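When we follow the working numbering, the leftmost residue of the sequence shown carries the number 27, and every step to the right adds one.
All C-beta atoms in this analysis are idealised placements derived from N, C-alpha and C, irrespective of residue type, glycine included.
These figures come from a predicted structure and were not determined experimentally.
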Amino acid sequence: AEYRLSLRADNADQRLTNLGFECGLVSEKRQYIFEKKMDAIDKAKTLLNSYLITPTQAKKAGISIKQDGIRRSAMELLSFKDVSFDKLGCMWPDLSKISQEVRDQLEKDAIYINYIDRQSAAVNAMRKDEKLIIPENFNYSDISGLSNELKQKLMHSRPTSIAQAGRIEGMTPAGLALILTSIRKFDVKRTA
């Protein structure tokens with residue numbers, strides 16, 4: 027839950043309906059309605075991704091983006107602050123056929139997608155580092171930025187890996203990042 031950008035109220039049905047159906051908590055009718063909604067979202071997303079525009083074309087349409095020569099999809103444009111479905115509809119009239127419910131969901135998804143991608147990269151990097159062994163003589167009290175409570179818990183439990191440290195109550199991704207940085211500095215000093 028520390029990586030909560032994807033745990034939003036607006037996408038709760040996307041995260042939980044299938045699980046609820048498997049557990050017998052969601053009716054077949056509700057599952058069918060959900061599947062229709064997801065099908066509409068997927069089709070709309072495919073349509074948005076099929077429409078491409080150059081920075082020059084975007085500028086002519088009143089959309090301010092970096093003039094880097096990179097073509098962007100309508101879905102990517104939705105992630106920009108001043109771009110809405112209405113603005114995109116002026117360039118691609120087919121978009122007016124998309125229901126308001128689907129538009130609202132895709133606008134929210136577009137806003138979060140860049141942040142979620144960064145968060146996923148951070149999660150993957152942390153998973154890669156989980157096997158990192160913490161030296162036996164590592165001093166947690168030297169880590170600045172880590173709460174005294176966490177320092178005490180770490181000194182008491184003496185985790186042997188980042189994975190174990192991550193399971194300590196109250197540990198955060200930021201705390202693990204501080205520990206990782208300190209271990210790397212510790213290793214550099216030790217080998218120098």
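Item to complete: Note the first and the last residue of the continuous alpha helix (DSSP H) segment covering Phe111.
Response: Here residue 111 corresponds to residue number 85 of the sequence shown, with the count starting at 1. From DSSP, the alpha helix (DSSP H) with Phe111 extends over 111 to 117.
Discussion item. Would the segment 175 to 191 count as touching the segment 110 to 124 if we require 3 or more Cβ pairs under 8 Å?
Written reply: Segments in contact, no.
Item to complete: Kindly provide the ranges of any alpha helix (DSSP H) runs that are 4 or more residues long and lie completely inside the segment 140 to 216, ordered along the chain.
Response: 174 to 183, 188 to 192
Fill in: Backbone secondary structure at Arg98 - three-state DSSP
The residue given as residue 98 occupies position 72 in the sequence shown. When secondary structure is reduced to three states using DSSP, Arg98 falls in the strand class.
Worksheet item: Do you know how far the Cα of Asp108 is from the Cα of Ile79?
Response: Locating residue 79 in the sequence shown gives position 53, where the first residue counts as 1. Locating residue 108 in the sequence shown gives position 82, where the first residue counts as 1. Approximately 16 Å, taken between the alpha carbons.
Fill in: Residues near Gly221 by beta carbon distance below 6 Å, same chain, minus five either side
Here the chain comprises residues numbered 27 to 218, so residue 221 is not present and cannot be evaluated.
Worksheet item: According to the neighbour-count rule (16 or more other Cβ atoms, all chains shown, within 10 Å of its Cβ), is Asp130 buried or exposed?
Response: Residue 130 sits at position 104 when you count from the first residue of the sequence shown. Result: exposed.
Worksheet item: Leu51 bridges to which residues according to DSSP?
Response: The sequence position of residue 51 within the sequence shown is 25, counting from 1. DSSP lists no beta-bridge partner residue for Leu51.
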